[in-house]
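2 protein chains.
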Amino acid sequence: MDAAKPAFGKIVIFGPGLIGGSFALALKQAGAVEEVVGFGRTPSTLRVAQQLDIIDRAGINPAHEVPDADIVLVATPVAQMPEIFARIAPYLGRDTIVTDGGSTKGDVIAAARAAFRGHIGKFVPAHPIAGAENSGPAAARADLYRKKKVVVTPLPENSDERLDRIKRAWACCHADIYELTPEQHDRIFAAVSHLPHLLSFALVHDLAVREDADLFFTFAASGFRDFSRIAASHPEMWRDICLANRAALLEELDIYRYQLDELRQALTSENGERLEEIFGIARQARREWAGD
Amino acid sequence: MDAAKPAFGKIVIFGPGLIGGSFALALKQAGAVEEVVGFGRTPSTLRVAQQLDIIDRAGINPAHEVPDADIVLVATPVAQMPEIFARIAPYLGRDTIVTDGGSTKGDVIAAARAAFRGHIGKFVPAHPIAGAENSGPAAARADLYRKKKVVVTPLPENSDERLDRIKRAWACCHADIYELTPEQHDRIFAAVSHLPHLLSFALVHDLAVREDADLFFTFAASGFRDFSRIAASHPEMWRDICLANRAALLEELDIYRYQLDELRQALTSENGERLEEIFGIARQARREWAGD
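Going down the list, the sequences are from chains A and B.
Going by my numbering, the first residue of the first sequence is number 126, and it counts up by one from there.
Going by my numbering, the first residue of the second sequence is number 126, and it counts up by one from there.
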């Protein structure tokens with residue numbers, strides 16, 4: 126390998142916003158890519174991405190850009206991925222690897238299988254864990270993934286070489302790379318991310334629709350502030366995530382409802398010992414996790 | 126009234142920790158009190174409170190301290206209040222007003238009625254909304270209540286004069302004073318404080334008791350951090366609050382469980398429109414409340 130040659134030639138990014146744009150900026154900063162081509166639904170977003178040097182140019186026709194791409198990153202909301210997979214499927218080159226930035230994996234993989242069929246080995250699913258308050262290309266940063274977790278969920282069809290190339294790309298972003306099965310991934314994120322969002326949305330909605338909602342919000346304090354912060358998340362995005370990870374989320378929701386039933390029982394029977402035990406286990410786990 | 130004379134003569138504080146100690150410091154800073162006497166279960170706490178000039182001396186016998194006190198503030202955990210009310214009940218002076226700092230009101234008022242009987246008019250219930258990370262006299266601050274809410278929940282037996290005196294004391298702390306009925310208070314705080322704590326404890330416990338708990342906590346990120354912060358709260362204190370406000374909390378928990386049932390139904394039937402509606406209403410309410 127020529128020492129002066131970047132690790133990757135052309136990278137194509139569908140959705141060069143926070144997630145896709147930060148990936149591009151990191152690879153550019155690392156000198157690891159020759160050219161970045163962006164596709165997006167809104168021309169103004171692509172213009173901003175180009176002005177910010179996130180992409181070198183906007184792509185027009187996947188048939189012209191995908192065949193000689195080393196990596197195609199699909200970094201759109203998960204709901205848009207099936208259509209994009211279908212658009213690019215006819216044009217995958219021999220060395221093209223497709224990857225994604227979706228926060229659910231089972232549904233994305235199902236869509237990829239439907240689109241790529243016999244070429245599914247070229248799709249290496251991934252999930253960078255780097256949410257931020259803002260979105261869009263203006264929010265993208267070369268260091269977004271530094272010391273952040275990126276979960277790769279390999280398929281049985283992925284060759285070691287393809288898997289390594291995707292890992293290498295994320296390593297260029299200075300991310301900490303983990304491997305999970307897609308099932309593990311979806312179960313874990315249902316429990317630690319999707320369910321908490323659902324629970325927070327539910328509480329705030331429950332209060333907001335009351336006739337005397339103002340009275341309640343007047344006395345909401347710092348505990349409520351922390352608990353409800355994620356209820357300010359984007360409704361459309363979270364609708365899609367919840368639907369996409371529906372099966373795992375329903376399982377986690379049912380486990381949680383069972384937990385609430387138990388707390389309800391402890392309250393009804395004034396079982397202070399059990400309440401304290403549950404609260405104590407939670408507190409210790411939270412403190413250990415947070416390093417308090 | 127002598128201009129040089131403080132508004133209050135002697136104030137007796139049961140539990141001169143964060144809540145009681147900050148009340149004392151604020152009144153002292155305002156020059157509004159002649160003497161502060163502290164009672165507490167642990168001699169070392171009283172010594173610290175005295176070293177920090179929160180109290181002028183430690184009380185030994187309520188029979189000697191309560192009769193000529195202007196205000197007796199019971200700022201212990203709510204579970205200890207019934208016993209303290211019983212201890213001081215025989216010694217209330219003609220001008221003594223008892224108040225409390227408990228975060229639930231129905232149960233505290235019931236205990237006060239049982240102890241004070243015909244003198245219940247001397248008890249003006251209150252709840253200062255000023256939690257903090259730390260507790261104990263060392264955490265007390267003269268400005269803890271500045272611009273913080275204090276809810277007074279008057280009883281029908283409270284004279285305007287007694288109510289005004291308690292409000293005046295909190296005004297010396299620069300608090301914003303609100304009036305609610307005890308029932309309103311307990312319903313509101315069940316919804317905006319006690320239930321969120323229960324829900325947060327429940328989620329963290331639910332994860333912590335799994336065999337593969339570590340795997341889940343490894344991928345928990347900032348949303349989980351916010352949601353679970355209150356699960357690091359004190360188990361004994363929250364056991365007591367949940368039991369004390371059991372009736373209102375159970376009602377709120379059932380409303381919430383109904384809300385979860387609806388979300389479950391929307392997920393099962395893939396009703397994205399309803400999910401987005403619920404999330405959207407929550408987001409707007411959260412943003413308006415937080416001033417985002």
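Even for Gly, the Cβ is constructed at its ideal location relative to N, Cα and C.
Being a predicted model, the structure only gives us computed values, none of them experimental.
Residue-chain proximity (residue i, chain A), Cβ-Cβ < 8 angstroms
i        : result
LEU328/B : yes
TRP295/B : no
GLY348/B : yes
THR224/B : no
ILE406/B : yes
PRO321/B : yes
GLN384/B : yes
LEU269/B : no
ALA356/B : yes
GLY397/B : yes
LEU324/B : yes
VAL203/B : no
Cutoff 8 angstroms: residue i Cβ touching any chain B Cβ
i        : result
MET126/A : Only weak support is given to the placement of MET126/A: the predicted model assigns it a pLDDT of 49, under 50, and the value that follows is read from those uncertain coordinates. By this cut-off, MET126/A is not an interface position.
GLU336/A : no
PRO168/A : no
ARG250/A : For the sequence presented, residue 250/A should be read as Pro rather than Arg. By this cut-off, PRO250/A is not an interface position.
PHE341/A : yes
LEU198/A : no
THR393/A : yes
PHE314/A : yes
CYS298/A : no
ILE144/A : no
ASP381/A : With the sequence shown as reference, residue 381/A is identified as Tyr, and Asp is not the correct amino acid for it. For TYR381/A, the answer is yes, since a Cβ of chain B falls inside 8 angstroms of its Cβ.
Top-ranked residue by Cα proximity to residue i, from the options
i        : options                                   : result
LEU288/A : ALA188/A, THR393/A, THR224/A and ILE138/A : THR224/A
ALA294/B : ALA315/B, GLN205/B, PRO307/B and VAL249/B : VAL249/B
SER318/B : SER394/B, ALA255/B and VAL334/B           : ALA255/B
ILE185/A : LEU198/A, GLY165/A, PRO202/A and VAL203/A : GLY165/A
ARG382/A : ASP285/A, LEU323/A, VAL173/A and ARG238/A : LEU323/A
ARG411/A : ILE179/B, LYS247/B, HIS330/B and LEU320/B : HIS330/B
VAL191/B : SER169/B, PRO279/B, ARG212/B and ASP417/B : ARG212/B
ALA296/B : PHE349/B, VAL173/B, ALA415/B and PHE148/B : PHE148/B
ALA373/B : ASP195/B, PRO307/B and ALA338/B           : PRO307/B
ALA183/A : THR167/A, ILE196/A, ASP195/A and ASP193/A : THR167/A
LEU198/B : VAL233/B, ASP178/B and LEU177/B           : VAL233/B
ALA264/A : ALA157/A, GLU376/A and ASP178/A           : ASP178/A
ILE245/A : HIS252/A, ALA237/A and ASP193/A           : ALA237/A
ALA327/B : ILE403/A, VAL137/A and ALA346/A           : ILE403/A
LEU375/B : GLN390/A, ILE180/A and PHE241/A           : GLN390/A
Distance between residue j and residue i (C-alpha atoms, nearest Å)
i        : j        : result
GLY218/B : ARG266/B : 29 angstroms
LEU305/B : VAL276/B : 7 angstroms
SER358/A : PRO141/A : 20 angstroms
ALA155/A : PHE133/A : 11 angstroms
LEU368/B : LEU392/A : 7 angstroms
MET126/A : ARG290/A : A caution first: MET126/A carries a pLDDT of 49, below 50, which makes its placement in the model unreliable, though a value can still be read off. C-alpha separation (whole angstroms): 15 angstroms.
ASP301/B : SER228/A : 44 angstroms
ARG364/A : ARG335/A : 23 angstroms
ASP268/A : GLU160/A : 19 angstroms
ALA204/A : GLY397/B : 12 angstroms
HIS299/B : LEU152/B : 10 angstroms
GLY230/A : GLU286/A : The question names Gly, but residue 230/A is Lys in the sequence shown. Roughly 21 angstroms separates the two Cα atoms.
ARG354/A : LEU143/A : 20 angstroms
ALA415/A : ARG350/B : 8 angstroms
For residue i, the three-state DSSP class (helix, strand or coil)
i        : result
HIS319/B : helix
ALA251/B : strand
PHE133/A : strand
LYS274/B : strand
ILE185/B : coil
GLY348/B : helix
VAL161/A : strand
ILE406/B : helix
ILE419/A : Here chain A has residues from 126 to 417 only, and residue 419/A is not among them.
Run of the alpha helix (DSSP H) containing residue i, from where it starts to where it stops
i        : result
GLY231/B : 231-241
ARG339/A : The identity of residue 339/A in the sequence shown is Asp, whereas the question assumes Arg. 338-343 is the extent of the alpha helix (DSSP H) around ASP339/A.
ILE196/A : Segment 194-199 is the beta strand (DSSP E) holding ILE196/A; no alpha helix (DSSP H) there.
TYR381/A : 371-393
GLY145/B : 143-154
LEU288/B : 285-297
HIS359/A : Neither: HIS359/A is in no alpha helix (DSSP H) and is coded neither H nor E.
ASP311/B : 307-314
GLU208/B : 206-213
Residue i: first and last residue of the uninterrupted beta strand (DSSP E) it sits in
i        : result
TYR303/B : 301-304
THR224/B : 222-225
VAL173/B : VAL173/B -> not in any beta strand (DSSP E); alpha helix (DSSP H) instead, spanning 168-176.
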